[in-house]
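Written out as structure tokens, the structure is:
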């Protein structure tokens, strides 16, 4: 238990260090501390808006397409940058919203975590984590996400702001009728990949982007210079 607590505390400190160093580079020299300033909030909203359009493509890399036969298995290796070594990694089916919880997530370095037919293991010495899908079915085909669970989780923003992730297309050609069997294993998800992608796109266009723009406008309006409000000069 003590080792697990020490590991969690180390991960938390590393998350705070990485997040703090990134935000300091965006802060003006004469600005108040980011933790309490509207500038800090505005910068974080702008950063999140950029992430919506470039979802972690500069932070993670891996195969864009993988394939496997029905009844077989496949592995996906995702590579990440040095600054994400201490963060947990996850694998889920798109769109990975709150109502569709992550399929599987790492719990420390070099520890295999399994959830049903899916397993994941993080190899920080290689800056990679590997996901394995076993006993494949035709229903497993679709778009998936290998991602990094960043500090946004701890700050309650995960539902609106995406983690760095890399999208992977899983292809499972259907088995021929002669090889099909009645005892098919349970699919990873009963949702069709195209339907989930459509839902995610609609939420992105009609909910996430207007929400972030509205929040940014409100912050800048509330903290605008007082002189611009009144347009008056004090009497002599």
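Residue numbers (full-length UniProt numbering): 1 to 236.
The beta-carbon is built from N, C-alpha and C at its ideal position, and this holds for glycine as well.
Checklist entry - Could you check where the beta strand (DSSP E) with residue 73 kicks off and where it finishes? => result First-last for residue 73: undefined, no H or E at that position.
Next on the checklist: So for residue 9, helix, strand or coil by DSSP?
Outcome noted: helix
Item to check | Assigned exposure category for residue 213 - 16 Cβ within 10 Å defines buried | outcome: exposed
Checklist entry - Quick one: Cα of residue 170 to Cα of residue 146, how far? => result Just so you know, the alpha carbons of residue 170 and residue 146 end up roughly 12 angstroms apart.
Checklist entry - Do residue 124 and residue 81 come within 7 angstroms of each other at the CB atom, strictly closer than that value? => result no
Checklist entry - What are the boundary residues of the beta strand (DSSP E) that includes residue 142? => result 142-149
Checklist entry - To which residues of the same chain is residue 118 closer than 6 angstroms at the C-beta, ignoring the five residues directly before and after it? => result 103, 104 and 133
Item to check | Nearest residue (CA-CA) to residue 164, options 173, 149, 94 and 175 | outcome: 149
Checklist entry - In whole angstroms, what separates the C-alpha of residue 143 from that of residue 126? => result Those two C-alpha atoms are separated by around 25 angstroms.
Item to check | Pick from 108, 116 and 137 that is closest to residue 72, judged by C-alpha positions | outcome: Of the candidates 108, 116 and 137, 137 places its Cα closest to the Cα of residue 72.
Item to check | Helix, strand or coil at residue 24 [DSSP, three-state] | outcome: Note that residue 24 scores 47 on pLDDT, short of 50, meaning its location in the model is unreliable and no value can be drawn from it.
Item to check | Burial state of residue 65 (16 or more Cβ within 10 Å) | outcome: exposed
Item to check | residue 95 burial status per 10 Å Cβ neighbour count (16 or more: buried) | outcome: Classification of residue 95: buried, given that the 10 Å Cβ count is 16 or more.
Checklist entry - Span of the beta strand (DSSP E) holding residue 122? => result 118-123
Next on the checklist: By the three-class DSSP mapping on this structure, what secondary structure does residue 82 have?
Outcome noted: Assigned with DSSP and collapsed to three states, residue 82 falls in helix.
Checklist entry - Candidates 216, 139, 168 and 76: which alpha carbon is nearest residue 128's? => result For the residues 216, 139, 168 and 76, the minimum Cα distance to residue 128 belongs to 76.
Checklist entry - Is it buried or exposed for residue 69, if we count other Cβ within 10 angstroms and need 16 for buried? => result exposed
Next on the checklist: Distance check for residue 59 and residue 220, CA to CA, integer angstroms please.
Outcome noted: Their backbone Cα atoms lie some 29 angstroms apart in a straight line.
Checklist entry - So what's residue 94 in DSSP terms, helix, strand or just coil? => result coil
Checklist entry - What is the rounded straight-line gap between the Cα of residue 217 and the Cα of residue 166? => result Cα to Cα, the separation comes out at about 30 angstroms.
Checklist entry - Would a C-beta distance cut-off of 7 angstroms place residue 140 and residue 111 closer than the cut-off? => result no
Item to check | Candidates 108, 116 and 174: closest to residue 9 by CA position | outcome: From the listed residues 108, 116 and 174, the smallest Cα separation to residue 9 is found for 108.
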